[in-house]
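Heads up: the structure comes next, in structure tokens.
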Amino acid sequence: MNRHVTTCALFALLFTAAIARGQDIVIIANPSVQISQISGAQLRKIFTGVRSRFDDGTRAVPVLLTGGPAHEVFLSKHIGDTAEEFQTRWRKLVFTGQGSMPRQFTSETALLSSVAATPGAIGYVSRPPEGNAVKVLSVVP
Amino acid sequence: MYRRACMLVLLIFCSHRLLGQDLSDLQIHGYANQGFVISSNNNFLSMSTSKGSFQWTEGAISVTDPINDKLRVGIQLHMYQIGQLGGPDVEVDWALGDYKVNDWFGLRAGKIKIPMGLFNKVQDVDSLYPWALLPQGIYPIENREMNLAALGGEVYGNLSLGKHHGNLLYDAFLGEGYLAMNSGYGRQLQEYGLNFPTDPSGRNFGGDLRWMSPKGELTLGASAQSQALDGQDASGSLHMPPALMFAYYAQWTHGKLELDAEYWRTPLYPVLTVNGVTVPVPIDGRAWYPMVDYRLAKGLTVGTYYSHWVNKSEDTSQPANYSKDWVLSSRYDFNQYFYAKLEGHFLHGIAVGYDAQTNPNGLKDNASILAARIGFAF
């Protein structure tokens, strides 16, 4: 019985890891955002608190997932951080009075709703969203 | 009377604003940590470390609220106890209003953190770096209060230099700095018989300029600040003319590897007057360190640094005028909230980290120190 549980857990772990490795991330934004593509460098600056505006001058409001494969893939692929490093980066701003932590959501559904309702919001999900409540941004080098 | 009336009007105005505001974006964060130190010789940081000491506790809680797209207000309350230093009072670490016009111009006012070097602003936030103790030649934990914060204002900004040239970040401040009487310097003043009822203070101004490479791996910067101090009690006074301090630094990160280096010069020329006798206490501090840390596995970071400090205004061959510290360190993050650190120090010289009151039988020139900390942040 124990051996069976262990085997199942191992398969689940390998399956999750495979999803995480192969997973792509879709960058989404509120329809009020005027741009349709964003450079990787600008995306990184917005999500690390270095910049608070898009290239067109409008305010950028980054929103995050609290954790999970999509969050980790986004951080690894677009920010170059682990979840702990990313957390530390924002805590530096928070604990020195230089910034506030971006809003975080436990599910992609909640994140999508927030991006759809917040002017200037930018976030990420694991698959292209249905409907036109949010727009998809392409990331260019 | 006039000041009280102004305070009352301000309070009523702020309460009204607060009541009329959506508090859904209010953020509360905090951290707390506990340390343990044991040393082979000497008592370190005013603790009885030769027997092992747990007298090292620190914590803070912050509340921030974005009033609108450009204005944010916040406060952080902080307490610490390191041996005989600090505690038990809770103090305001920072409290400010932050008005950010755009990325290249913002304004903060209130009690602000002083921009100086790589780690000055985060000196009292243990969870933000891998080390149990930052290089003590530059960031002496017993005297950090003097550099941490000022009452005043600052302008700051971030200038983009184009896609291939990175960013230039600037920060300039002006205000009133102070020397906390419950810090290491305060204890030294008490050893001279000076026990000021209020913290000595004076004009404090300076700035920081740093360049970040386009992908953010390399940071190069320089900081400067001027600090003057004056204090008086019945038995004497402290006068420190404006002291101009400089810092130069570099940081490079590449994947799991981080390299840092700093050089600071801190020429301080305080003059004490005790019962009519004038005592100059010249300190021309020159300090530098190189450090490296590497993320060995998920959650586990290891690192090493060498910290060097000398007082150039005295005989630098004497152990009382230098401090040379080799350090090996490790940190383990159990999850995004909890962590533990273990660190060994091989210390030569007695210029940094010691005081006479906790070492009544004198000091040996060398000591080995083991420091451990556990903590959490949210």
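Taken in sequence, the protein lines are chains Z and P.
Last residue of the first sequence: number 141 in my numbering, and the count goes up by one each step with no gaps.
Last residue of the second sequence: number 519 in my numbering, and the count goes up by one each step with no gaps.
A virtual CB, placed ideally from N, CA and C, is assigned to each residue, including glycine.
In this text, all values refer to a predicted model and were calculated from it rather than measured experimentally.
query: For P/Glu283, is the classification buried or exposed, using 16 other Cβ atoms within 10 angstroms of its Cβ as the cut-off for buried?
result: Taking the second sequence and counting its residues from 1, the one referred to as residue 283 of chain P is at position 142. Classification for P/Glu283: buried.
message: For Z/Ile38 and Z/Val136, which I take to be in contact (beta-carbon distance under 8 Å), what is that distance rounded to the nearest angstrom?
response: Position 38 of the first sequence, counted from the start, is the residue given in the question as residue 38 of chain Z. Position 136 of the first sequence, counted from the start, is the residue given in the question as residue 136 of chain Z. Their Cβ separation, rounded to whole angstroms, is 11 Å, which puts Z/Ile38 and Z/Val136 out of contact at 8 Å.
- prompt: Between P/Gly377 and P/Leu335, is the Cβ-Cβ spacing less than 8 Å?
  reply: By one-based count along the second sequence, residue 377 of chain P stands at place 236. By one-based count along the second sequence, residue 335 of chain P stands at place 194. With respect to the 8 Å criterion, P/Gly377 and P/Leu335 are classified as neighbours on the basis of their beta carbons.
task: Could you please tell me which residues of the region 59-72 of chain Z, in chain order, have their CB closer than 7 Å to any CB of chain B?
output: Looking at the structure shown, chain B is missing, and the protein chains on hand are Z and P.
Reference P/Gly490, options P/Tyr480, P/Phe479, P/Leu504, P/Glu484, closest by Cα: Numbered from its first residue, the second sequence carries residue 490 of chain P at position 349. It is P/Leu504.
- prompt: Would P/Val468 count as contacting chain Z if we go by Cβ distances under 8 Å?
  reply: As a position in the second sequence, residue 468 of chain P is number 327, starting the count at 1. No, no contact with chain Z.
query: Just checking my contact of P/Phe314 with P/Gly298 at CB under 8 Å: how many whole Å lie between their CB atoms?
result: Locating residue 314 of chain P in the second sequence gives position 173, counting from the first residue. Locating residue 298 of chain P in the second sequence gives position 157, counting from the first residue. The C-beta distance from P/Phe314 to P/Gly298 rounds to 13 Å, too long to fall under 8 Å, and the pair is not in contact.
- request: For Z/Gln42, name the three-state secondary structure that DSSP assigns.
  value: The count along the first sequence starts at 1 and reaches residue 42 of chain Z at position 42. DSSP places Z/Gln42 in helix when its eight states are reduced to three.
query: Can you name the start and end residues of the beta strand (DSSP E) that P/Tyr446 belongs to?
result: Within the second sequence, numbered from 1, the residue matching residue 446 of chain P stands at position 305. From DSSP, the beta strand (DSSP E) with P/Tyr446 extends over 441-452.
Environment of P/Tyr185 [buried if 16+ CB atoms lie within 10 Å]: By 1-based counting over the second sequence, the position of residue 185 of chain P is 44. The question names Tyr, yet the displayed sequence has Phe at residue 185 of chain P. The residue is buried, with at least 16 neighbouring Cβ atoms inside 10 Å.
query: Can you list the beta strand (DSSP E) stretches of 3 or more residues lying completely in the region 229-274 of chain P, in chain order?
result: With a minimum length of 3 residues, the continuous beta strand (DSSP E) runs that stay inside the region 229-274 of chain P are 232-243, 246-254.
- prompt: Tell me which same chain residues have a C-beta within less than 7 Å of the C-beta of P/Phe517, skipping the five on either side of it?
  reply: Reading the second sequence from its first residue, position 376 is the one you call residue 517 of chain P. For P/Phe517, where only same-chain residues beyond five positions count, the Cβ hits under 7 Å are Tyr172, Ala173, Tyr478, Phe479.
Integer-rounded CB distance, given that P/Leu379 should sit under 8 Å from P/Asn338: Along the second sequence, read from residue 1 onward, the residue named residue 338 of chain P stands at position 197. Along the second sequence, read from residue 1 onward, the residue named residue 379 of chain P stands at position 238. For the record, residue 338 of chain P in the displayed sequence is Pro; it is not Asn. Their Cβ separation, rounded to whole angstroms, is 13 Å, which puts P/Pro338 and P/Leu379 out of contact at 8 Å.
task: Throw me the rounded Cβ distance for the P/Asp329 and P/Val493 pair, which I believe falls under 8 Å.
output: Within the second sequence, numbered from 1, the residue matching residue 329 of chain P stands at position 188. Within the second sequence, numbered from 1, the residue matching residue 493 of chain P stands at position 352. A small correction: the amino acid at residue 329 of chain P is Gln; Asp does not occupy that position in the sequence shown. Here P/Gln329 is actually not in contact with P/Val493; their C-beta atoms are around 12 Å apart, not less than 8 Å.
Inter-stretch contact (C-beta, 8 Å, three-pair minimum) for the region 196-203 of chain P and the region 211-227 of chain P: Because the criterion of three Cβ pairs below 8 Å is met, the region 196-203 of chain P and the region 211-227 of chain P touch.
query: Once you ignore the five residues that flank P/Thr499 on each side, which residues in its own chain have a CB closer than 6 Å to its CB?
result: Here the question's residue 499 of chain P lines up with position 358 in the second sequence. For P/Thr499, same chain residues with a beta-carbon under 6 Å away, outside a window of 5 residues either side, are Asn184, Ser187 in chain order.
query: Which residues in the same chain as P/Leu289 place their Cβ atom closer than 7 Å to its Cβ, once the five residues preceding and following it in sequence are excluded?
result: To locate residue 289 of chain P, count along the second sequence from 1; it is residue 148. The residues are Lys254, Ile255, Gln264, Asp265.
- prompt: Closer than 7 Å, Cβ to any Cβ of chain P: which residues of the region 79-109 of chain Z, in chain order?
  reply: Listed by position, the residues of the region 79-109 of chain Z near chain P (Cβ gap below 7 Å) are Ala83, Glu84, Gln87, Thr88, Arg91, Lys92, Val94, Phe95, Thr96, Gly97, Ser100, Met101.
query: Taking C-beta to C-beta, are Z/Ile46 and Z/Tyr124 nearer than 8 Å?
result: Within the first sequence, residue 46 of chain Z is the residue found at index 46, counting from 1. Within the first sequence, residue 124 of chain Z is the residue found at index 124, counting from 1. No, Cβ-Cβ distance for Z/Ile46 and Z/Tyr124 is not below 8 Å.
Per-residue DSSP class, three states only, for P/Met368: On the second sequence, residue 368 of chain P is found 227 positions in, with the first residue counted as 1. In the sequence as displayed, the identity of residue 368 of chain P is Gln instead of Met. Reduced to three states, the DSSP call for P/Gln368 is strand.
query: chain P beta carbons: is any one of them nearer than 8 Å to that of Z/Arg21?
result: Sequence index remark: in the first sequence, residue 21 of chain Z carries index 21 (1-based). With a pLDDT of 47 at Z/Arg21, under the threshold of 50, the modelled position of that residue is not reliable, and the figure given next carries that caveat. Taking 8 Å as the CB threshold, Z/Arg21 stays off the interface with chain P.
- request: May I ask you to list the residues that DSSP assigns as paired with P/Pro431?
  value: As a working mapping, residue 431 of chain P is identified with position 290 in the second sequence. Looking at the DSSP assignment, P/Pro431 forms a beta bridge with P/Ala402.
- prompt: With a cut-off of 8 Å, do at least 3 Cβ pairs link the region 346-364 of chain P to the region 383-394 of chain P?
  reply: Yes, they touch.
8 Å Cβ cutoff, P/Ala391 in contact with chain Z: Locating residue 391 of chain P in the second sequence gives position 250, where the first residue counts as 1. Taking 8 Å as the threshold, the shortest C-beta distance from P/Ala391 to chain Z does not fall below it.
message: Let me check you understand the geometry: is the CB of P/Leu409 closer than 7 Å to at least one non-hydrogen atom of the ligand NAP?
response: Here there are no bound small molecules, and the ligand NAP is not part of this structure.
message: Taking 8 Å as the threshold (C-beta atoms), are P/Pro355 and P/Gly307 in contact?
response: Walking along the second sequence from the start, residue 307 of chain P turns up at place 166. Walking along the second sequence from the start, residue 355 of chain P turns up at place 214. Cβ distance < 8 Å, so P/Gly307 and P/Pro355 count as in contact.
field: Exposure label - P/Ala497; buried when at least 16 CB within 10 Å
entry: Taking the first residue of the second sequence as 1, we reach residue 497 of chain P at position 356. So P/Ala497 ends up on the exposed side.
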